[in-house]
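K.L.:
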Amino acid sequence: MDKRGKGLNTICTHVGELEDTKYKGAVSPLYMSTSYAFDDVDVKRYPRYFNTPNQEGLCKKIAALEHAESALIFGSGMAAVSTALLAFLRAGDHIVLQQTLYGGTYNLVTEEFDKYGISYSFTKGWEPKDFENEIRENTKVLYIETPSNPLLTITDIEGVAAIAKKHGIVSMIDNTFASPVNQNPIDFGIDVVIHSATKYMGGHSDICAGAVASTKEHMHRIFHLAKNFGGSLSDYTVWLLERSIKTMGLRVRAQNENALAMAQYLEAHVDIDAVYYPGLTIHKDHELAKRQMKGFGGMLSFELKPYLDASLFQRSLKIIKSSMSLAGVESTVLSPTQTSHALMSAEVRAEQGIKDGLIRFSVGIEEPEDLIADIEYAIKKVKKETKTTV
Ligand SMILES: *Cc1c(COP(=O)(O)O)cnc(C)c1O
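FYI, the numbering for the sequence shown is -12 to 377, going by my numbering.
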């Protein structure tokens, strides 16, 4: 139950829906207008002002899902990240960010912030004290991502939020990997929650969008920058995203179950070296994950034994596809060494624990038996094909 007294799937299905007063249709009408008369109303509606009927409806749903007072939807996850960050940072300010971050966020900070005179530090670890250690007099924002990509590390949300409060700093989280189904950081004291809605909110690998949720006061500040930056989402996509979120609770809960089943299967497998999934009791932060998550999510990663070739393994899978993105209803894998972390030196990768045999697995809603059979088949094929060369 959220504070408004409605449960997850009720919020997903109904909060923010627009009534079709004319034809009594079952779903929200889609208002594509970019122009609205304003002579008899006090709001000037315009897509880039983030206030068309469909935008406002969906923002209500997202705010309710994150137990927030208010929310905004953006044209991409990175539009949400960049607008939220720059709303609280100006020249001369400093930000502390978690060591492992989504690549796009890392690039935004390291490629752009110098231009704006904003300095930054990355933490040396994931403990709240690692964040406190980096705080300076001019630090304005603490930024975390949990579970993280690709090793599914867990950051203590309540611990980091408390440090931010103690120092009068705004705390932000990228909550994409968990989704609002599994984790509501505002309940643990976080100020600003960010999502790439391209992932679990969209859930079908066909929408690119972002969202930010927070207090009315913070969202007001973010809105002012948002309308100047212009990163709004088209109303048609807003409408599609509203439809997608109706089944988010069902999808993500099924993905939680499947991911746990896959993690347990892989953990017991002789050809697998390690499995990283916060739902496994062997995960080093399983207890912390249990405290702050309602489900452990659909993302996991695992290491193939060194004698198995990672690219050949991926190519040999039939149901599970190789894909850069994640969180769709279909299962996908990628090799961080060859994709998201390819530009890092081998030494930095080794430092961060990213081995060549590491596979990131976004678990979908297929039947787990079929996913297991697919992996079994691929491992056998790799063994057979490499025996001749090894
Ligand atoms: C994909 C992703 C983003 C960026 O979102 P886009 O919609 O691609 O702009 C940010 N954070 C995380 C954790 C992501 O997975």
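Built from N, CA and C at the ideal position, the CB exists for glycine as well. Please read these numbers as outputs of a predicted model, since none were measured by experiment.
Are the stretch 292 to 300 and the stretch 313 to 329 touching by the rule of at least three beta carbon pairs closer than 8 Å?
P.N.:
Yes: at least three Cβ pairs fall under 8 Å.
K.L.:
Grab me the residues of residue 166's own chain with a C-beta within less than 8 Å of its C-beta, minus the 5 sequence neighbours each way, in chain order.
P.N.:
Here the question's residue 166 lines up with position 179 in the sequence shown. So the qualifying residues of the chain are 182, 186, 187, 188, 235, 239, 284 and 314.
K.L.:
Just how far apart, CA to CA, sit residue 42 and residue 198?
P.N.:
As a working note, residue 42 is residue 55 in the sequence shown. As a working note, residue 198 is residue 211 in the sequence shown. Each residue's alpha carbon lies about 11 Å from the other.
K.L.:
With residue 155 as the anchor, note down where its alpha helix (DSSP H) starts and where it stops.
P.N.:
Here residue 155 refers to the residue found at position 168 of the sequence shown. No alpha helix (DSSP H) holds residue 155; DSSP gives it neither H nor E.
K.L.:
In the DSSP assignment, the alpha helix (DSSP H) including residue 228 goes from what residue to what residue?
P.N.:
One-based indexing of the sequence shown puts residue 228 at position 241. Note, residue 228: alpha helix (DSSP H), 222 to 233.
K.L.:
Does the distance from the C-beta atom of residue 229 to that of residue 48 stay below 9 Å?
P.N.:
Position 242 of the sequence shown, counted from the start, is the residue given in the question as residue 229. Position 61 of the sequence shown, counted from the start, is the residue given in the question as residue 48. The answer is yes: Cβ separation under 9 Å.
K.L.:
Can you tell which of 216, 127, 208 and 310 has the C-alpha that lies nearest to the C-alpha of residue 61?
P.N.:
If you number the sequence shown from 1, residue 61 lands on position 74. Comparing Cα positions, the closest option is 216.
K.L.:
Pop quiz: residue 282 and residue 231 are said to be a contact at Cβ under 8 Å. What is the actual Cβ separation, rounded to whole angstroms?
P.N.:
As a first step, residue 282 is located in the sequence shown; it is residue number 295 there, counting from the start. As a first step, residue 231 is located in the sequence shown; it is residue number 244 there, counting from the start. In fact, because the Cβ distance is near 18 Å, the residues do not count as touching under 8 Å.
K.L.:
Please go through the stretch 285 to 333 and give each complete alpha helix (DSSP H) segment of 4 or more residues, from N-terminal end onward.
P.N.:
Taking only runs of at least 4 residues, the alpha helix (DSSP H) segments lying wholly in the stretch 285 to 333 are 297 to 303.
K.L.:
Report yes or no: do three or more beta-carbon pairs, one from the stretch 202 to 221 and one from the stretch 248 to 262, lie closer than 8 Å?
P.N.:
Cβ pair count under 8 Å is below three, so no.
K.L.:
Express the C-alpha separation of residue 8 and residue 137 in angstroms, rounding to a whole number.
P.N.:
On the sequence shown, position 150 is the one that residue 137 refers to. On the sequence shown, position 21 is the one that residue 8 refers to. So the alpha carbons of these two residues sit roughly 47 Å apart.
K.L.:
Would you report the Cα separation of residue 375 and residue 292, rounded to the nearest angstrom?
P.N.:
Within the sequence shown, numbered from 1, the residue matching residue 375 stands at position 388. Within the sequence shown, numbered from 1, the residue matching residue 292 stands at position 305. Residue confidence is low: residue 375 scores 44 on pLDDT, short of 50, so the model does not pin down where it sits. Its coordinate-derived value is still stated next. Near 18 Å, if we compare the C-alpha coordinates of residue 292 and residue 375.
K.L.:
Taking the beta strand (DSSP E) that residue 61 belongs to, which residues open and close that run?
P.N.:
Against the sequence shown, residue 61 aligns to sequence position 74. Residue 61 -> beta strand (DSSP E) spans 57 to 61.
K.L.:
What are the start and end residues of each continuous alpha helix (DSSP H) run of 4 or more residues lying completely inside the stretch 65 to 131, in chain order?
P.N.:
Correct list: 90 to 94 and 115 to 121.
K.L.:
Is residue 111 buried or exposed, if buried means 16 or more other CB atoms sit within 10 Å of its CB?
P.N.:
Locating residue 111 in the sequence shown gives position 124, counting from the first residue. Exposed, by the Cβ-count rule.
K.L.:
Give me the Cβ distance between residue 81 and residue 142, rounded to the nearest whole Å; I'm assuming they're in contact under 8 Å.
P.N.:
As a first step, residue 81 is located in the sequence shown; it is residue number 94 there, counting from the start. As a first step, residue 142 is located in the sequence shown; it is residue number 155 there, counting from the start. About 19 Å separates the two Cβ atoms, so there is no contact after all.
K.L.:
Count the other C-beta atoms from every protein chain shown that fall within 10 angstroms of the C-beta of residue 97, then say buried if there are 16 or more, exposed otherwise.
P.N.:
Position 110 of the sequence shown holds residue 97. So residue 97 counts as exposed.
K.L.:
Tell me the DSSP secondary structure of residue 218 in three-state form.
P.N.:
As a working mapping, residue 218 is identified with position 231 in the sequence shown. Reduced to three states, the DSSP call for residue 218 is coil.
K.L.:
If I follow the unbroken alpha helix (DSSP H) through residue 166, where does it start and stop?
P.N.:
Stepping through the sequence shown from its first residue, residue 166 is reached at position 179. Start and end: 166 to 169.
K.L.:
Please classify residue 377: is it buried, with 16 or more other beta-carbons within 10 angstroms of its beta-carbon, or exposed?
P.N.:
On the sequence shown, position 390 is the one that residue 377 refers to. Bear in mind that the predicted position of residue 377 carries a pLDDT of just 46, short of 50, making it unreliable; the figure below should be weighed with that in mind. Residue 377 comes out exposed.
K.L.:
Which residues bound the alpha helix (DSSP H) around residue 364?
P.N.:
Residue numbering aside, residue 364 sits at position 377 when the sequence shown is read from its first letter. Here the alpha helix (DSSP H) through residue 364 covers 355 to 374.
K.L.:
Report the three-state DSSP secondary structure of residue 263 (helix, strand or coil).
P.N.:
Within the sequence shown, residue 263 is the residue found at index 276, counting from 1. Correct three-state label for residue 263: strand.
K.L.:
Just to confirm before moving on: does the CB-CB distance between residue 107 and residue 100 stay below 9 Å?
P.N.:
The residue labelled residue 107 in the question sits at position 120 within the sequence shown. The residue labelled residue 100 in the question sits at position 113 within the sequence shown. In this structure, residue 100 lies closer than 9 Å to residue 107 by Cβ.
K.L.:
Around the C-beta of residue 163, are 16 or more other C-beta atoms found within 10 angstroms, so that it is buried, or is it exposed?
P.N.:
Working through the sequence shown from its first residue, we reach residue 163 at position 176. Buried, since its Cβ has 16 or more Cβ neighbours within 10 Å.
K.L.:
Among residues of its own chain, excluding the 5 on either side of residue 25, which ones have a beta-carbon nearer than 6 Å to its beta-carbon?
P.N.:
Start at 1 with the first residue of the sequence shown, and residue 25 comes out as number 38. Contacts found: 31.
K.L.:
Would you kindly work out how many angstroms separate the C-alpha atoms of residue 201 and residue 75, rounded to a whole number?
P.N.:
Here the question's residue 201 lines up with position 214 in the sequence shown. Here the question's residue 75 lines up with position 88 in the sequence shown. About 13 Å.
K.L.:
Out of 302, 332, 305 and 326, point me to the one whose CA is closest to residue 311's CA.
P.N.:
Stepping through the sequence shown from its first residue, residue 311 is reached at position 324. Comparing Cα positions, the closest option is 326.
K.L.:
Rounding to the nearest angstrom, what Cα-Cα distance links residue 346 and residue 241 in this structure?
P.N.:
On the sequence shown, position 359 is the one that residue 346 refers to. On the sequence shown, position 254 is the one that residue 241 refers to. Cα to Cα, the separation comes out at about 21 Å.
K.L.:
Which residues does DSSP list as the beta-bridge partners of residue 182?
P.N.:
The residue labelled residue 182 in the question sits at position 195 within the sequence shown. Its beta-bridge partners are 198.
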